[in-house]
Amino acid sequence: QVRLVESGGGLVQPGGSLRLTCAASGSIGSISAMGWYRQVPGKQRELVASLTSGGNTNYADSVKGRVTISRDNAKTTVYLQMNSLKPEDTAVYYCNTRGRYKFEYDAWGQGTQVTVSS
């Protein structure tokens, strides 16, 4: 079983910054990609940023230039540095990890609230 623990959410003023952290543990095996998604009530969960094992990144158009996804050397912790935050970035942010340990898996964290408000 893969366990994802997220941290770093909170309340920030418009223009501020936050850094989200997601640590994977358990039966990780070989991770193929890690990423961050977000969801607001009444809307579908959407991709914010992803990072493959090969180092390829993908960002939502709405966050390009303001958000950077990175990982640690062990490739089991992923970070999301968010700058110049806007009220529309307010959402619950979820960490996602895909990989293979005996079988393919697609694991989600419990979510962390990010609120951008003055």
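Quick note: the sequence shown, position 80, residue 80 per the numbering used here, numbers continuous.
Glycine residues also receive a C-beta, built at the ideal position from the N, C-alpha and C atoms.
It should be emphasised that the depicted structure is a prediction, and the values quoted were computed from it without experimental measurement.
Next on the checklist: Using a 10 Å radius around the Cβ and a threshold of 16 neighbouring Cβ atoms, would you call VAL40 buried or exposed?
Outcome noted: With fewer than 16 Cβ atoms within 10 Å of its Cβ, VAL40 is classed as exposed.
Checklist entry - Per DSSP, what kind of secondary structure is ASP89 in: helix, strand or coil? => result When secondary structure is reduced to three states using DSSP, ASP89 falls in the helix class.
Next on the checklist: As a quick exercise: from TYR94, GLY55, SER117 and CYS95, pick the residue whose alpha carbon is nearest that of ASN73.
Outcome noted: That would be GLY55, whose Cα lies nearest to the Cα of ASN73.
Item to check | Which listed residue (ALA24, VAL92 and TYR79) has its alpha carbon closest to that of GLY42 | outcome: Comparing Cα positions, the closest option is VAL92.
Item to check | Beta-carbon proximity check, LEU11 vs SER117, cutoff 8 angstroms | outcome: Yes; because the gap between Cβ atoms is below 8 angstroms, this pair is in contact.
Checklist entry - Apart from the five residues on each side of it in sequence, which residues of its chain come closer than 6 angstroms, Cβ to Cβ, to ASP89? => result The residues are VAL116.
Checklist entry - The beta strand (DSSP E) spanning GLY126 covers which residue range? => result With the chain covering 1 to 118 only, the question about residue 126 has no answer from this structure.
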